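**Q**
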Amino acid sequence: MSRVGKIARRSFLIGSAVLAGGVAFGVYTVRRPHENPLEAGLAEGEVTFNPWVLIGPERITLITPHADVGQGVAHMQAMLLAEEMRLDPGQFDISFGDPSPAYWNRAMGEEGAPFLSSDQGFAARTTRTAMGAVMKVLGMQVTGGSTSTPDSFDKLRLAGAMARETLRRAGEIRTSIPSDQLRCESGAVVLPDGIRIPYTELSAQAATIDPVEDAPLTPRSEWRLIGQETERLDIVAKSTGQQVYGIDVSVPGMVHAAARVNPRRGVLSSYDASAARAMRGVSEVVEVTNGVAVVADNTWRAFQAVNAVECTWGPAPYPAEQADHWAEVAASFTDARLDREWRAEGDVEAALSGDVIEAEYRAPYVAHQPLEPLNAIVRVTEAGVEVWTGHQMPRFLQQQVAGVTGHEAEQVTFHNQFSGGSFGHRLEFQHVTLAAEIAMQMPGVPVKLTLQREEDFAQDFPRQIGMARGHGAVANGRVEAADIQIAAVSSSRSQMGRIGQNVPGPDSQIPAGVWNAPYAIPSYRVRAYAVPELAPTSSWRSVGASSSGFFGESFLDELIHAAGADPLAERLRLANDPRAVAVLEAVAEMSGWGRSPGENRGLGVAMVESFGVPVAEVIEVETTPQGIRIRDVWVAAEVGTVVDPVAFENQVQGGVIWGLGHAINCEITFADGMAEQSNFDSHDGMRIWQAPRIAVRGVELGGPVRGIGEPPVPPAAPALANAIFAATGQRLREMPFNRFVDFV
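Numbering-wise (my numbering), the sequence shown opens with residue 193 and increments by one.
1) Can you list, in chain order, the stretches of the beta strand (DSSP E) that have 3 or more residues and sit fully within the segment 387-440?
2) If distances are taken between C-alpha atoms only, which option among 515, 621, 316, 625 comes closest to residue 687?
3) Output yes or no for whether 8 Å exceeds the beta carbon distance between residue 655 and residue 871.
4) Would you check if the segment 515-522 and the segment 664-678 touch, i.e. whether three or more CB-CB distances between them fall below 8 Å?
5) For residue 241 and residue 389, I'd like the C-alpha separation in whole angstroms.
6) Would you decide whether residue 818 is buried or exposed? Buried here means 16 or more other CB atoms lie within 10 Å of its CB.
7) Just verifying my parser: in three-state terms, what is the DSSP assignment at residue 599?
8) Are the beta-carbon atoms belonging to residue 851 and residue 905 less than 8 Å from one another?
9) Restricting to Cα atoms, I'd like to know which of 732, 639, 798 is closest to residue 761.
10) Going residue by residue through the segment 588-659, where are the continuous beta strand (DSSP E) segments of at least 3 residues, counting only ones entirely within it?
11) Could you give the DSSP three-state label for residue 923: helix, strand or coil?
12) Flag this pair as touching only if the segment 674-684 and the segment 736-750 have three or more C-beta atom pairs under 8 Å; answer yes or no.
13) Once you ignore the five residues that flank residue 931 on each side, which residues in its own chain have a CB closer than 8 Å to its CB?
14) Take residue 439 and list the residues in its own chain whose beta-carbon comes closer than 6 Å to its own, dropping the five residues that flank it on each side.
15) Suppose only complete runs of 4+ residues qualify. What are the alpha helix (DSSP H) ranges in the segment 802-867, listed by chain order?
16) Among all the DSSP beta bridges, which residues are the ones paired with residue 321?
17) Based on the DSSP secondary-structure assignment, which residues constitute the bridge partners of residue 663?
18) Any idea which residues DSSP pairs residue 767 with across the strands?
19) Please report the distance separating the alpha-carbon of residue 397 from that of residue 366.
20) Evaluate residue 589 with the Cβ neighbour count: other Cβ atoms within 10 Å of its Cβ, from every protein chain shown; 16 or more gives buried, anything less gives exposed.
21) Do residue 902 and residue 310 have their beta-carbon atoms positioned less than 8 Å apart in this structure?
22) Apply the 10 Å Cβ neighbour rule to residue 223 and answer buried if 16 or more other Cβ atoms are within range, or exposed otherwise.
23) Give the DSSP bridge partners of residue 448, in chain order.
24) Can you tell me whether residue 784 is buried or exposed? The criterion is at least 16 other CB atoms within 10 Å of its CB, across all chains shown.
25) Would the segment 747-757 count as touching the segment 572-587 if we require 3 or more Cβ pairs under 8 Å?
26) From what residue to what residue does the alpha helix (DSSP H) around residue 358 run?
27) What three-state label does DSSP hand residue 236 in the structure shown?
28) Is residue 465 helix, strand or coil when you go by DSSP?
29) Comparing C-alpha positions only, which one of 774, 921, 924, 308 sits nearest to residue 192?
30) Suppose the cutoff is 7 Å on Cβ atoms and the five residues either side in sequence are ignored; what does the same chain contact list for residue 469 look like?
31) How far does the alpha helix (DSSP H) with residue 577 in it extend, from its first residue to its last?
32) Provide the residue span of the alpha helix (DSSP H) that contains residue 521, from first to last.
33) What does the Cβ neighbour count give for residue 916, buried or exposed, with the cut at 16 atoms within 10 Å?
34) Go through the segment 251-279 residue by residue and report every complete run of the alpha helix (DSSP H) that reaches 4 residues or more, in order.
35) Once DSSP output is grouped into helix, strand and coil, what is the label at residue 738?
36) Once DSSP output is grouped into helix, strand and coil, what is the label at residue 285?
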């Protein structure tokens, strides 16, 4: 069994030992480096200096182990390495590499520390360090939580610098010219007379010397790639249809499979596959956990055949009807279900002893719905297992597959692929373990399982359902008190529980975007209540902040309106973090805040911090006889340093579209224990004709580098709701908004 398997089942050992500055593993264990996974397979003439760089006589390969699910992190990681190695695009190949504890995600551990991102006190710093150490010891290779850039920024630049200086040292040995007279440029060591020795010609020489450990980093003033507009390495392939995603992979001898699993998450009571077995191209009908699968000679025939199987499904282990889900959430505002009181500042009870403003908000389940349907190829033999798919947790994938097949995790070879979207969906394992179950019944045969879109929706683990109740008070034109109580299912516990993991302590994602709001409200209280699991849920783009950010910023806007204050000016007055002030000032300038938007128009603002990134958005809407038109969106985000300006703008714009589309149109509801929405026609994101103009500004204050994949999502819904109120006087307190207003 792998080390991650042995240790992870004990859960994260975080508690008093962490707060005291240590972890249960010991200092030696924490400091000991992981083995370089590239060393085992070196061919003649190849050299590796660290887990991210492989150079041979023919090519240079940069390892980009964070999964690329469309957010462009393969390009970002390669640019960090190429910057320090003095490589130009086109001079290297990239590879996701094999799963390895060497690719542990420090930033994800640090992000999980339950402290405000602005808190740099001893306890906060010590806990972040300790949680990063836990990730290292466990070898937690994970992509998510907008941590790929902060995890990679220093790590990969140091790896690239090490490679550069070691190659320069190899050039010194080759030429007898002191290394300080050599320079590295465009993939070569350059001699004083201009003669160039390509890195590939120095690989054998470099393999004979120790890597240079203390290589200096390139100063920002000399950056060629970081912070510059560069063409993404995959843009030509994606623009011309040549990019290979997981669903495009083909393996010799491969068969195709489709599956149907109980849409109520219960058992398969019985089935009749006689019609399916008689259909053209069908070779096998097999049972899988809680369902049935059909194997055929192509995907379409597998789809048609599995749909012909008559199944009798057992009942759901959760309430069958949507109304009962909401009733359970509403009943969770009790002391017995209090997960934690996250903020308790001032005297809330006294501040709320007079006139009180009250409001209640709701956020529904929503699906992940990536464009590329979930798929996986699995081949099982006695010697081991091979898996081809795109996934964000490679080492856990090995463990989950091994649990199905009976192999050791180290016997599972995983070939990670580019993915056509995820939004959290490719943190789950069910489609991969289903493929493994089918392949177990066909030893030696590669089985490609593709989920139908309807099956993808039926088996999705949607965003958590949640509700908030706000009580507040204003005086003298100012917000004086806010008491925000949030009840939601813990998607973290649901998700990790499916792979046998505990999530110790309170779940900070339930009140994310509210407990960490960078506001100094005189009397401020935030309480989170854990709703017992209903339908199983999972991480969804921006996780808890996608719903709680809507709750908090909508209620704050109501309080500001009751106080008679300006929505942006009052937020600026309350903001207690220079980064929050900076994004609010930036978005005010960008949008021309303070102007009259004109007849039938309104401006709304929201500012939410998630994953350590404060993002402010202003939205302008227009009321028309046909409905609400979203005209413009202005966004400012503070990420310390914008590493890739093109990806930054694209991710922000995509996050806004994602947040708006789901706020307007999307929800998953249950009837008879099954999700009622089964495809894009009933869970419709934003359409092109609805999309607004989106202006983006990256604010760089020089602090810690942060990611941007998820933070633009949470402010979108409240900024839109606040804009609609400004234009119409109607408050929208429940998503999706199309229940209450029309959009054009």
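Beta carbons are placed, not taken as given, at the ideal position from N, Cα and C, and that holds for glycine. Only a predicted model underlies this, so the values are computations on that prediction, with no experimental measurement involved.
**A** This is what the structure holds:
1) Entirely contained in the segment 387-440, the beta strand (DSSP E) runs reaching 3 residues are, in chain order, 388-390.
2) Considering only alpha carbons, the answer is 621.
3) No, they are not a contact pair.
4) Taking a cut-off of 8 Å on C-beta distances, the segment 664-678 does not touch the segment 515-522, as fewer than three cross pairs fall below it.
5) Taking the straight line joining both Cα atoms gives about 18 Å.
6) It is exposed - the Cβ of residue 818 has fewer than 16 other Cβ atoms within 10 Å.
7) If DSSP states are grouped into helix, strand and coil, residue 599 belongs with coil.
8) Yes. Within cutoff.
9) For the residues 732, 639, 798, the minimum Cα distance to residue 761 belongs to 798.
10) You should have 604-608, 639-642.
11) Three-state DSSP puts residue 923 in coil, outside helix and strand.
12) Yes: the two stretches touch, three or more of their Cβ pairs being nearer than 8 Å.
13) Excluding positions up to five away in sequence, the list is empty.
14) Around residue 439: 564, 567.
15) With a minimum length of 4 residues, the unbroken runs of alpha helix (DSSP H) contained wholly in the segment 802-867 fall at 837-857.
16) Under DSSP, residue 321 shares a beta bridge with no residue.
17) The partner list for residue 663 (beta bridge, DSSP) reads 550, 675.
18) Residue 767 is bridged by DSSP to 711.
19) C-alpha separation (whole angstroms): 7 Å.
20) Counting Cβ neighbours within 10 Å, residue 589 comes out buried, since at least 16 surround it.
21) Contact: no.
22) Per the 10 Å Cβ criterion, exposed.
23) Answer is 488, 640, bridged to residue 448.
24) Taking every protein chain shown into account, the CB of residue 784 has fewer than 16 other CB atoms within 10 angstroms, so this residue is exposed.
25) Output reads no: the segment 572-587 does not touch the segment 747-757.
26) If you look at residue 358, you'll find it in the alpha helix (DSSP H) that goes 340-367.
27) DSSP, read as helix, strand or coil, puts residue 236 in coil.
28) Looking at residue 465 - three-state DSSP - the assignment turns out to be coil, as it is neither helix nor strand.
29) A query on residue 192 cannot be resolved here, the shown segment of the chain reaching from 193 to 936 and no further.
30) Here residue 469 has 477 as same chain residues with Cβ atoms under 7 Å from its own Cβ, once five neighbours each way along the sequence are excluded.
31) Segment 577-581 is the beta strand (DSSP E) holding residue 577; no alpha helix (DSSP H) there.
32) Here the alpha helix (DSSP H) through residue 521 covers 514-522.
33) Under a 10 Å Cβ-count criterion, residue 916 is classified as buried, with 16 or more other Cβ atoms of the shown protein chains found around its own Cβ.
34) Counting whole runs of 4 or more residues, the segment 251-279 contains the alpha helix (DSSP H) stretches 265-277.
35) Reduced to three states, the DSSP call for residue 738 is helix.
36) Under the three-state reduction of DSSP, residue 285 is assigned to strand.
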